[in-house]
Amino acid sequence: MEDKKIKVLLAEDDKNLGTILSSYLEAKGYPTTLCANGQEAYDMFNSEHFDFCIVDVMMPVMDGFTLAKEIRQVDKKIPILFLTAKSMQEDKLKGFEIGADDYLTKPFSMEELLMRMQAILRRAGEATGKNKEQNIFKIGKFTFDYNRQILKIDDNEQKLTSKEADLLKLLSINLNDVLDRSVALKKIWFDDSYFNARSMDVYVTKLRKYLKEDPSIELINVHGVGFKLVVNE
1193 MEDKKIKVLL AEDDKNLGTI LSSYLEAKGY PTTLCANGQE AYDMFNSEHF DFCIVDVMMP
1253 VMDGFTLAKE IRQVDKKIPI LFLTAKSMQE DKLKGFEIGA DDYLTKPFSM EELLMRMQAI
1313 LRRAGEATGK NKEQNIFKIG KFTFDYNRQI LKIDDNEQKL TSKEADLLKL LSINLNDVLD
1373 RSVALKKIWF DDSYFNARSM DVYVTKLRKY LKEDPSIELI NVHGVGFKLV VNE
């Protein structure tokens, strides 16, 4: 994604913040379209091409969660970054359940926004094959293609979100060994806060569900340490 301009759809009902964010992103080389509510953003999304979405959770007409669900119906791969004024755990977990790639809690710095955007875009670039490194893992009867974010067993394919793929890659690299919880949080979520730890637990549960088709595979909680992906011979 680095070889072309990344077009950003920004849905933010706070006019002052929206103007500041869009001006900053434009200055950093990201053409940005600002929308004042979720419905306006959804209509814009359907009328133009965008490469990245920044979505405020609390908006009039259509809230950010609903907007993200509608966008995911149209494009399952486009990166979505949530902005939230709340620190409520439930909101963050709900965002990740919908398929958000990350979130920022207000107030935040412009530098942190840009850092998280670039990290998400880097993962998206790898998923589209722009990173030439081979990232194919054999996990029991499964084949995991990290670049394509596909987990396959027999003729069944499961499309993973970017965070699901990131976490499964770390677990696969450490196959049959313990993956330290703090290491995974800092590498994927950028910090090991309580809320991020709970979010990671959601993703572990999802991966465990996907992998249950092969009974030789276990994704084990190692109490107080982390997780262990095990393939029993």
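Using this note's numbering, read the sequence shown as starting at 1193 and increasing by one per residue. Positions of the beta carbon are idealized from the N, C-alpha and C atoms, including for glycine. Note that this is a predicted model, so its numbers are computed, not measured.
{"Item": "Bridge-paired residues (DSSP) for asparagine 1476", "Value": "A question about residue 1476 goes unanswered here, because the residues of the chain that appear run from 1193 up to 1425."}
{"Item": "N-terminal and C-terminal residue of the beta strand (DSSP E) that leucine 1259 is part of", "Value": "Per DSSP, leucine 1259 belongs to no beta strand (DSSP E); it is in the alpha helix (DSSP H), 1256–1266."}
{"Item": "Residues sharing a beta bridge with threonine 1224, DSSP", "Value": "Val1200"}
{"Item": "Cβ-based burial, leucine 1371 [other Cβ within 10 Å; buried from 16]", "Value": "buried"}
{"Item": "Burial state of proline 1271, where buried means 16 or more other Cβ atoms lie within 10 Å", "Value": "buried"}
{"Item": "Beta carbon of isoleucine 1198 nearer than 9 Å to that of phenylalanine 1237", "Value": "no"}
{"Item": "For glutamate 1425 and aspartate 1293, the rounded distance between their alpha carbons", "Value": "34 Å"}
{"Item": "Nearest-angstrom Cα separation, counted from glutamine 1341 out to leucine 1352", "Value": "5 Å"}
{"Item": "Identity of the residue in Lys1401, Leu1201, Lys1330, Ile1380 nearest methionine 1392 by Cα", "Value": "Ile1380"}
{"Item": "Presumed contact (8 Å Cβ cut-off) between valine 1247 and phenylalanine 1274, rounded CB distance", "Value": "6 Å"}
{"Item": "Residue interval of the alpha helix (DSSP H) (run including threonine 1397)", "Value": "1386–1403"}
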